[in-house]
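See below for the structure under consideration.
Residue numbers (this note's numbering): 6 to 551.
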């Protein structure tokens with residue numbers, strides 16, 4: 006966010022909003038012009054070519070490229086004295102995708118270790134407020150869900166993966182209800198209850214199923230409980246992965262973890278590894294604020310790329326239209342799309358409604374950025390944005406805050422009454438559209454390495470629709486868990502205890518040296534660079550110590 010951009014003073018804009026009849030402005034450009042002119046992904050400095058590795062020659066965001074081509078954290082460590090653990094399946098990441106994968110793997114007969122950077126559930130999953138898509142309505146169809154998803158992603162998604170995800174939708178909902186998840190219900194004409202369905206941006210038919218406006222939190226609640234009750238799952242909280250292990254055949258056979266509480270390295274040997282480490286929002290790409298949790302620092306992408314896994318669409322990210330823009334200490338906090346689905350309008354500093362709020366997220370975000378760049382934004386203090394006109398919504402529907410609990414909570418934190426004062430909003434970095442290439446079972450090109458959730462790419466193309474993230478993590482999380490467990494049984498390559506090393510890491514480092522590339526960056530970075538975190542210093546080791 007650029008606080009120096011021209012805009013209209015808050016009190017002047019507020020009066021313009023009160024006087025406005027909220028008619029749609031008539032000079033709206035086509036979607037393509039909006040995106041090309043104002044969306045951050047389309048800036049000339051938003052991509053570079055990767056020079057080495059599995060994606061040599063492909064576009065990548067510069068900040069992410071810096072991490073993919075970085076030095077490893079484990080470069081000077083001797084693992085001989087580290088504590089060793091053994092399991093069938095190692096799941097790295099404790100959000101919704103990781104939890105679903107762990108549960109599915111145990112259902113298929115495997116023992117599982119789930120390594121969480123923070124604690125299980127501390128992830129972007131709990132921040133997914135709007136809902137989950139699934140074609141369960143009588144007026145809906147799997148084909149329509151497929152077409153909405155493909156179109157919303159600019160026809161760049163993998164058609165087979167999209168078809169599989171939307172086909173899984175109804176069974177995913179049944180499975181979630183079966184493990185105890187609540188959904189909002191409505192009564193039909195016969196006074197019987199059915200799942201309430203709402204419209205989302207970019208969808209032709211109401212398809213969003215939700216629980217108030219904290220669906221992800223409710224989903225993670227039941228997943229966390231199921232994981233904690235499953236005896237075949239061992240949880241390692243506050244144990245982020247710092248590197249994957251490969252054997253002499255190039256198969257992934259485990260990972261090195263760092264126990265933050267005991268300040269020691271752990272070597273987890275596994276017959277299969279599932280990366281569910283989430284995205285990269287905490288890198289603050291393009292200088293944007295973010296809605297992401299503190300662990301979203303692209304760790305899985307860094308480790309997978311060193312293994313030789315192919316990535317895709319690493320220059321494509323989603324900027325959610327409605328992030329808090331004021332007060333400064335809350336900038337980037339998400340205001341759910343459920344608020345726009347309920348009928349709230351976006352209004353500039355002249356009191357004009359300037360976009361159809363239920364267009365896909367990238368279009369709405371670009372429209373907001375255009376208003377700000379062209380001087381029609383609203384300036385309050387050092388922050389700039391546009392209005393989310395909650396007062397008119399609440400005047401029409403006084404009970405809406407009972408359904409949109411998170412909106413009321415965020416407004417309270419901002420120190421305003423949303424029934425009286427509009428909220429100032431600005432796009433916030435929200436989602437990583439690209440990631441590891443996977444097949445329909447979450448398998449990567451590296452034997453023994455699987456992926457699920459935001460760390461993977463291909464499902465959402467170059468823009469994700471609201472509600473498809475929660476469907477994605479359950480659909481592919483469960484598929485990856487089941488495939489990893491069954492792959493162990495089918496594999497003709499025997500698992501050898503306490504084998505594995507870093508040949509893949511050194512191979513990439515040699516490629517970098519031959520290309521004349523020298524990096525001072527070490528990765529994975531583990532946590533945002535708001536201060537400094539040095540793994541070696543934290544572990545009490547000096548440079549060069551073994």
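For every residue, glycine included, the Cβ atom is placed at its ideal position computed from N, Cα and C.
Taking only heavy atoms of the ligand FAD into account, decide whether any of them is closer than 7 Å to the Cβ of residue 63. The ligand FAD is not part of the structure shown, which contains no ligands of any sort.
So for residue 248, helix, strand or coil by DSSP? Residue state, collapsed to three classes: strand.
For residue 184 and residue 109, I'd like the C-alpha separation in whole angstroms. The C-alpha of residue 184 lies about 13 Å from the C-alpha of residue 109.
Please identify the residue among 147, 187, 13 and 252 whose C-alpha is closest to the C-alpha of residue 211. Here the closest residue by C-alpha is 147.
Nearest residue (CA-CA) to residue 431, options 456, 399, 377 and 415: Among 456, 399, 377 and 415, the Cα nearest to that of residue 431 is on 377.
As an exercise, report each continuous alpha helix (DSSP H) stretch of at least 4 residues that is fully enclosed by the stretch 260 to 334, in chain order. Runs of the alpha helix (DSSP H) lying entirely within the stretch 260 to 334 and spanning at least 4 residues, in chain order: 304 to 312.
Whole-angstrom distance between residue 444 and residue 411, CA atom to CA atom: Distance between the alpha carbons of residue 411 and residue 444: 36 Å.
Determine the extent of the beta strand (DSSP E) in which residue 456 is found, giving its start and end residues. It spans 454 to 456 - the beta strand (DSSP E) in which residue 456 sits, taken as one unbroken run.
With distances taken Cα to Cα, identify the nearest neighbour of residue 311 among 299, 40 and 260. It is 260 whose Cα lies nearest to the Cα of residue 311.
Report the three-state DSSP secondary structure of residue 13 (helix, strand or coil). When DSSP states are grouped into helix, strand and coil, residue 13 belongs to the strand group.
Determine, using beta-carbon pairs with one atom in the stretch 337 to 355 and one in the stretch 375 to 392, whether at least three such pairs fall under 8 Å. Taking 8 Å as the limit for Cβ pairs, the verdict is that the stretch 375 to 392 does touch the stretch 337 to 355.
Three-state class that DSSP yields for residue 201 in the structure shown: If DSSP states are grouped into helix, strand and coil, residue 201 belongs with coil.
Every unbroken alpha helix (DSSP H) within the stretch 172 to 247, with a cutoff of 4 residues, ordered by chain: List check, alpha helix (DSSP H) in window: 220 to 234.
Three-state class that DSSP yields for residue 367 in the structure shown: The answer is helix: DSSP assigns residue 367 an H, G or I state.
Closest to residue 92 by CA distance: which of 530, 238 and 252 is it? A check of alpha carbon separations from residue 92 across 530, 238 and 252 identifies 238 as the nearest.
Are there 16 or more other CB atoms within 10 angstroms of the CB of residue 122, so buried, or fewer, so exposed? Result: buried.
Option in 24, 479, 350 and 153 with minimal Cα separation from residue 107: Each of 24, 479, 350 and 153 was checked against the Cα of residue 107, and the nearest Cα belongs to 479.
Sort out for me which residues DSSP pairs residue 89 with in a bridge. Residue 89 is bridged to 272.
Same chain only: Cβ atoms within 6 Å of residue 84, ignoring 5 sequence neighbours per side: Closer than 6 Å at Cβ, skipping near neighbours: 272.
CB contact flag (residue 314, residue 493, <8 Å): No, Cβ-Cβ distance for residue 314 and residue 493 is not below 8 Å.
Compute the Euclidean distance between the alpha carbons of residue 57 and residue 78, then round it to the nearest angstrom. One C-alpha to the other measures close to 19 Å.
What's the C-alpha gap between residue 3 and residue 255? As shown, the chain starts at 6 and ends at 551. That puts residue 3 outside it, with no answer to give.
4 or more residues per run - each alpha helix (DSSP H) lying fully within the stretch 8 to 83: Counting whole runs of 4 or more residues, the stretch 8 to 83 contains the alpha helix (DSSP H) stretches 15 to 24, 36 to 43 and 67 to 73.
Please name the residue in 43, 73 and 44 whose C-alpha comes closest to that of residue 54. For residue 54, the nearest C-alpha among the options comes from 73.
Local Cβ density within 10 Å of residue 471, reported as buried at 16 or more and exposed below that: Residue environment: residue 471 is assigned as buried (16 or more neighbouring CB atoms within 10 Å of its CB, all protein chains considered).
Along the chain, where does the alpha helix (DSSP H) containing residue 102 start, and where does it finish? Counting along the chain, the unbroken alpha helix (DSSP H) around residue 102 starts and ends at 101 to 112.
Given this structure, state the Cα-to-Cα distance separating residue 25 from residue 435, to the nearest angstrom. Rounded to the nearest angstrom, the gap between the Cα atoms of residue 25 and residue 435 is 31 Å.
For the alpha helix (DSSP H) containing residue 151, name the first residue and the last one. Per DSSP, residue 151 belongs to the alpha helix (DSSP H) from 147 to 157.
Once DSSP output is grouped into helix, strand and coil, what is the label at residue 498? Interpretation of residue 498 is limited by its pLDDT of 48, a score under 50 that renders its predicted location unreliable; no figure is taken from the coordinates.
For the stretch 123 to 140 against the stretch 165 to 179, do three or more pairs of beta-carbon atoms, one drawn from each stretch, fall closer than 8 Å, so that the two count as touching? Verdict: yes, contact present.
Does DSSP classify residue 448 as helix, strand or coil? For residue 448, the three-state secondary structure derived from DSSP is strand.
Expressed to the nearest angstrom, what Euclidean distance is found between the alpha-carbon atoms of residue 88 and residue 274? So the two alpha carbons sit approximately 11 Å from each other.
So the candidates are 490, 232, 229 and 201; which of them puts its Cα closest to the Cα of residue 217? Closest option to residue 217, Cα to Cα, is 201.
Residues of its chain near residue 39, where Cβ-Cβ distance is below 7 Å and the 5 sequence neighbours each way are ignored: Cβ-Cβ distances below 7 Å link residue 39 to 368, 371, 372 and 375 in the same chain, with the five nearest sequence neighbours on each side left out; the list follows chain order.
Secondary structure of residue 531, DSSP reduced to three states: Shown here, residue 531 sits in coil according to DSSP, grouped into three states, outside any helix or strand.
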